[in-house]
Structures are given as C-alpha cells and as structure tokens.
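Colleague:
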Amino acid sequence: MATDHTQDVLGGCYCGEVRFRIPGQAQPLQTGYCHCVACRQAHAAPVYAVAWLPDTDFEITQGQEFLKWYTRSDTLRAYLRRHFCTNCGSKVFNSYNGPFGGQQISTLGAFPTLFDDQVLARSEPWAPSMHMHCAESLMDVSLINDGLPKLPKGGDGG
Ligand SMILES: [Zn+2]
Ligand SMILES: [Zn+2]
253 MATDHTQDVL
263 GGCYCGEVRF
273 RIPGQAQPLQ
283 TGYCHCVACR
293 QAHAAPVYAV
303 AWLPDTDFEI
313 TQGQEFLKWY
323 TRSDTLRAYL
333 RRHFCTNCGS
343 KVFNSYNGPF
353 GGQQISTLGA
363 FPTLFDDQVL
373 ARSEPWAPSM
383 HMHCAESLMD
393 VSLINDGLPK
403 LPKGGDGG
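FYI, in our numbering the residues of the sequence shown are 253 to 410.
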C-alpha cells in the first residue's frame, strides 16, 4: 500500500484531540464553498469549504468523547447538525438527514480545510467545485475569478 492514490484521507480538529478517516476510495457527492450567513456564523469565517459524502464514508478514529453537535432548529436547516470539538471549538463535520439530490440518504459534510494533506484538500475530487449561496455572500463574488460556477442559492446539501 505504498504509493497508490487510494490512501485514506486523514485529518482532525484544531487541537488534534478529534481525528477522522475517510477511506481512500470514497468519492464526494458534492463539493463547494458555502457563502451563506448560517455557515459564516457557525464557522466565524467569510466562507468555508465542504465536501459531502455518504455518512458511511467518514469515521471518527479518536476523540469521540470531545464531540458535541448543535442544530439551529429555527431555520430551514434544522436537519443540519454541526459537530464540533468541545476542547478547541473547531468544527469537525456536518451531518444532514434531509433529502440530498433527490436521494434519501444520510450525508456528512467533511471539511477539506482539516485534512492533514492540504495538497489533497485542493485536488480532485476534494477541491470545491462551486460557490453556493452567493446571493448572501459577504464578499463581492464578481471579484472571484476561479472559474467555478456561482450559485445564488445552495447545492444539494448547503
Ligand atoms: Zn479540538
Ligand atoms: Zn451554508
């Protein structure tokens, strides 16, 4: 298992107590940058990158006891749970139990920002493939010239 490109994807939170693994063969269902107000508040960032997977393709390998989740049930995104490390406050993943792309599957949003291998994080298939919720963006999205589609609203996961 030396040099194949199907090595597991490893990563973790800011403090390192929580660690996760994505099997090397896993393929994201959707990737993107989300500019929406809710994600900006949750991550305290102007934009964040997410890669949605079937939730069976993501495993917490260490620090499960540090994880908590929060959902803001007053929004349309009540199905979205944001899981975070209680030791350092870093978001670790999102889970989503709503319909995804017309399929009724449980999905999980992983954050390439947390991958140990940051070259991998910006490579296929993990690199963001679109900008979502551009209508809410804090940024002037007309100044973003990375060639990716700019959706006024969400993709399938948000
Ligand atoms: Zn942590
Ligand atoms: Zn969002």
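Cβ coordinates follow ideal geometry from the N, Cα and C atoms, glycine included.
Under 7 Å Cβ to Cβ from Glu-388, same chain only, skipping five residues before and after it: list those, please.
Modeller: Counted from its first residue, the sequence shown places residue 388 at position 136. The residues are His-287, Cys-288, Val-289.
Colleague: Helix or strand or just coil, what does DSSP make of Cys-386?
Modeller: Against the sequence shown, residue 386 aligns to sequence position 134. If DSSP states are grouped into helix, strand and coil, Cys-386 belongs with the helices.
Colleague: Tell me the rounded alpha-carbon separation between Gly-263 and Phe-272.
Modeller: By one-based count along the sequence shown, residue 263 stands at place 11. By one-based count along the sequence shown, residue 272 stands at place 20. Using only the alpha carbons, I get a separation of about 5 Å.
Colleague: Could you tell me the alpha carbon to alpha carbon distance between Gly-350 and Thr-359, rounded to whole angstroms?
Modeller: Numbered from 1 along the sequence shown, position 98 holds the residue referred to as residue 350. Numbered from 1 along the sequence shown, position 107 holds the residue referred to as residue 359. Near 8 Å, if we compare the C-alpha coordinates of Thr-359 and Gly-350.
Colleague: Along the chain, where does the beta strand (DSSP E) that runs through His-335 open and close?
Modeller: Here residue 335 refers to the residue found at position 83 when the sequence shown is read from its first residue. Note, His-335: beta strand (DSSP E), 332 to 337.
Colleague: Starting from the Cα of Trp-378, find the closest Cα among Phe-310, Met-384, Phe-363 and give me that residue.
Modeller: Here residue 378 refers to the residue found at position 126 when the sequence shown is read from its first residue. Out of Phe-310, Met-384, Phe-363, Phe-363 has the C-alpha closest to the C-alpha of Trp-378.
Colleague: For the beta strand (DSSP E) containing Leu-262, list its first residue and its last residue.
Modeller: The residue given as residue 262 occupies position 10 in the sequence shown. Residues 261 to 264.
Colleague: Rounded to a whole number of angstroms, what is the C-alpha to C-alpha distance between Val-261 and Gln-277?
Modeller: As a working mapping, residue 261 is identified with position 9 in the sequence shown. As a working mapping, residue 277 is identified with position 25 in the sequence shown. Their backbone Cα atoms lie some 9 Å apart in a straight line.
Colleague: By the DSSP assignment, the beta strand (DSSP E) with Arg-292 in it spans what residues?
Modeller: In the sequence shown, counting from the first residue as 1, residue 292 sits at position 40. Not the beta strand (DSSP E): Arg-292 falls in the alpha helix (DSSP H), residues 289 to 295.
Colleague: Ignore the nearest five residues each way along the sequence and tell me which others in Ala-373's own chain have a CB closer than 6 Å to its CB.
Modeller: Counted from its first residue, the sequence shown places residue 373 at position 121. These residues qualify, in order along the chain: Pro-364, Phe-367.
Colleague: Can you list, in chain order, the residues of its chain with a C-beta nearer than 7 Å to that of Ala-301? Leave out the 5 residues immediately preceding and following it.
Modeller: Taking the sequence shown and counting its residues from 1, the one referred to as residue 301 is at position 49. Result list for Ala-301: Tyr-285, Phe-363, Pro-364, Thr-365, Pro-380, in chain order.
Colleague: Check each candidate in Thr-338, Asp-398, Gly-354 and name the one with the smallest Cα separation from Gly-315.
Modeller: Here residue 315 refers to the residue found at position 63 when the sequence shown is read from its first residue. That would be Thr-338, whose Cα lies nearest to the Cα of Gly-315.
Colleague: If contacts are defined as beta-carbon pairs under 8 Å, then Met-382 and Gly-361 qualify, I think. What distance do you get, rounded to the angstrom?
Modeller: Position 130 of the sequence shown, counting from 1, holds the residue named residue 382. Position 109 of the sequence shown, counting from 1, holds the residue named residue 361. That belief does not hold up - the Cβ atoms of Met-382 and Gly-361 are roughly 14 Å apart, past 8 Å.
Colleague: Which one or two residues does DSSP pair with Ala-301 in a beta bridge?
Modeller: Taking the first residue of the sequence shown as position 1, residue 301 is located at position 49. Ala-301 is bridged to Tyr-285.
Colleague: Can you tell me which of the three DSSP states Gln-277 falls into?
Modeller: Position 25 of the sequence shown, counted from the first residue, corresponds to residue 277. DSSP places Gln-277 in coil when its eight states are reduced to three.
Colleague: Is Pro-275 near Asp-307, with beta carbons less than 8 Å apart?
Modeller: Indexing the sequence shown from 1 puts residue 275 at position 23. Indexing the sequence shown from 1 puts residue 307 at position 55. No, the pair does not count as a contact, with Cβ atoms beyond the cut-off.
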